[in-house]
Structure formats: C-alpha cells, structure tokens
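Numbering (the numbering used here), first residue to last: 2 to 151.
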Amino acid sequence: MTRRLHVIAVLLLLAASPALADSPVRFTAVDVYIDAAEPMAAWQLEFSAVAGVMQVVGVENGESKAFDDAPYYDREAVENGRADRIVVADYSLVDQDELPSGRVRVTTLHLMLSGDEAPEFDTRLIVASSYQGKRINAEISFEISDGSDQ
Numbered sequence: 002m003t004r005r006l007h008v009i010a011v012l013l014l015l016a017a018s019p020a021l022a023d024s025p026v027r028f029t030a031v032d033v034y035i036d037a038a039e040p041m042a043a044w045q046l047e048f049s050a051v052a053g054v055m056q057v058v059g060v061e062n063g064e065s066k067a068f069d070d071a072p073y074y075d076r077e078a079v080e081n082g083r084a085d086r087i088v089v090a091d092y093s094l095v096d097q098d099e100l101p102s103g104r105v106r107v108t109t110l111h112l113m114l115s116g117d118e119a120p121e122f123d124t125r126l127i128v129a130s131s132y133q134g135k136r137i138n139a140e141i142s143f144e145i146s147d148g149s150d151q
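So, in structure tokens, the structure goes:
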C-alpha cells in the first residue's frame with residue numbers, strides 16, 4: 002500500500018471512531034526480529050498490545066533477501082482499521098545457503114497508538130522452520146522506534 006493510501010486509511014479510521022479522535026494519537030514502527038540457530042525458511046508470529054490501544058496500519062518486509070516481499074497478513078483487517086492484533090507469516094523457496102540465520106529483522110509493523118496509557122506489546126513466535134519444513138530453535142524480539150505525536 003502506498004504512503005498516500007496509508008494516510009487515507011488512518012484518516013478514515015479516525016473519522017469512524019470518535020473515541021480515537023478525542024484521544025492523543027501517535028504513530029510508531031516496531032521492528033520484529035527472529036534469532037534462528039540455523040537457516041530459516043519460514044516463520045509465523047503474533048503481535049498484540051497488552052496495555053494501551055493499538056491499530057496496525059502497515060506491514061513491511063524485513064531485511065533478508067530471502068523474504069523480499071511484504072509478509073502475509075490480513076490486509077483487509079489492516080485497511081479497515083480492525084487490526085488490534087496481527088498474525089504475520091512468510092516463507093522462502095530460495096536455496097538453503099541463501100536463507101538467513103542468526104538475528105534477522107523479519108518485519109516492521111507500523112502502529113497507530115491512541116490514548117494516554119503507555120503501550121505494552123506482546124509478541125509470540127508461533128513457528129520457525131528449516132527448508133525441510135522442520136521446526137527450528139528460535140527466539141523472537143522487537144524494538145520500538147520513538148514514534149511521532151499527531
């Protein structure tokens with residue numbers, strides 16, 4: 002989705018929700034990382050807020066060339082402002098020696114935060130797997146950008 006469409010979607014969400022329009026709104030990006038002990042061909046994660054009000058307004062691909070395109074997620078929920086939690090996944094069919102291992106940014110989530118309460122997030126790695134489709138040991142983490150107030 003282009004930046005212009007993102008802005009339109011966010012404005013429509015604000016107009017449709019008077020409660021959000023009256024509370025402070027800010028935007029931030031969250032980089033999500035998976036640290037895999039061996040080459041990773043597929044992954045799936047869940048991201049949600051455990052405190053504060055959050056809406057996912059965009060999803061980007063990560064840094065590995067093995068996962069060039071934006072990962073899979075419910076685009077309709079994001080575009081319609083219903084993504085207060087999100088499941089994101091991707092897979093790659095590149096050769097095993099081209100798959101990432103170690104700590105790799107798999108996605109960047111763009112969030113709209115509202116209200117005065119400081120947000121707290123929860124992320125859960127559902128699965129990470131090898132090119133053979135076998136589950137591999139991996140850890141998940143995320144980093145939040147400073148964001149901007151609107």
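A virtual CB, placed ideally from N, CA and C, is assigned to each residue, including glycine.
Since the structure is predicted, the reported quantities are computational estimates derived from the model, not experimental observations.
Original post:
What's the gap between the Cα of residue 79 and the Cα of residue 59?
Top reply: As a position in the sequence shown, residue 79 is number 78, starting the count at 1. As a position in the sequence shown, residue 59 is number 58, starting the count at 1. Residue 79 and residue 59: Cα-Cα distance of roughly 7 Å.
**OP:** Answer yes or no: do residue 101 and residue 67 have a C-beta to C-beta separation smaller than 8 Å?
**Re:** The residue given as residue 101 occupies position 100 in the sequence shown. The residue given as residue 67 occupies position 66 in the sequence shown. Cβ atoms of residue 101 and residue 67: closer than 8 Å.
Original post:
Is residue 42 closer than 8 Å to residue 139 when the C-beta atoms are compared?
Top reply: Residue 139 sits at position 138 when you count from the first residue of the sequence shown. Residue 42 sits at position 41 when you count from the first residue of the sequence shown. No, the pair does not count as a contact, with Cβ atoms beyond the cut-off.
**OP:** Can you give me the start and stop residues for the alpha helix (DSSP H) that residue 139 sits inside?
**Re:** One-based indexing of the sequence shown puts residue 139 at position 138. Here residue 139 belongs to no alpha helix (DSSP H); instead the beta strand (DSSP E) covers 139–145.
Original post:
Helix, strand or coil for residue 69 per DSSP?
Top reply: Counting from 1 along the sequence shown, the entry for residue 69 is found at position 68. In this structure, residue 69 counts as coil in the three-state DSSP scheme.
**OP:** Measure the alpha-carbon distance for residue 144 versus residue 64 and round it to whole angstroms.
**Re:** Against the sequence shown, residue 144 aligns to sequence position 143. Against the sequence shown, residue 64 aligns to sequence position 63. Whole-angstrom Cα-Cα distance: 14 Å.
Original post:
Could you check where the alpha helix (DSSP H) with residue 119 kicks off and where it finishes?
Top reply: As a working note, residue 119 is residue 118 in the sequence shown. No alpha helix (DSSP H) holds residue 119; DSSP gives it neither H nor E.
Subject >> Spatially closest choice to residue 73 from 93, 82 and 51, by CA coordinates >> reply: Mapped onto the sequence shown, residue 73 falls at position 72. When only C-alpha atoms are compared, the closest one is 93.
Subject >> Closest by C-alpha distance to residue 52, when choosing among 75, 123 and 137 >> reply: If you number the sequence shown from 1, residue 52 lands on position 51. Checked all of 75, 123 and 137; the closest Cα to residue 52 is 123.
Original post:
Nearest to residue 116 by alpha carbon, out of 86, 55 and 76?
Top reply: In the sequence shown, residue 116 corresponds to position 115, counting from 1. Of the candidates 86, 55 and 76, the one whose C-alpha sits nearest the C-alpha of residue 116 is 55.
Original post:
Whose C-alpha, out of 131, 61, 26 and 32, is nearest the C-alpha of residue 99?
Top reply: Counting from one through the sequence shown, the residue named residue 99 turns up at place 98. Measuring from the Cα of residue 99, the nearest candidate turns out to be 131.
Original post:
Given a threshold of 16 other Cβ atoms within 10 Å of its Cβ, counted over all protein chains shown, does residue 91 qualify as buried or as exposed?
Top reply: For the purposes of this step, residue 91 is taken as residue 90 along the sequence shown, with counting starting at 1. Burial call: buried.
Original post:
In the segment 73–133, which residue ranges form an unbroken beta strand (DSSP E) of at least 3 residues, counting only runs that do not cross its ends?
Top reply: 86–92, 103–115 and 121–130
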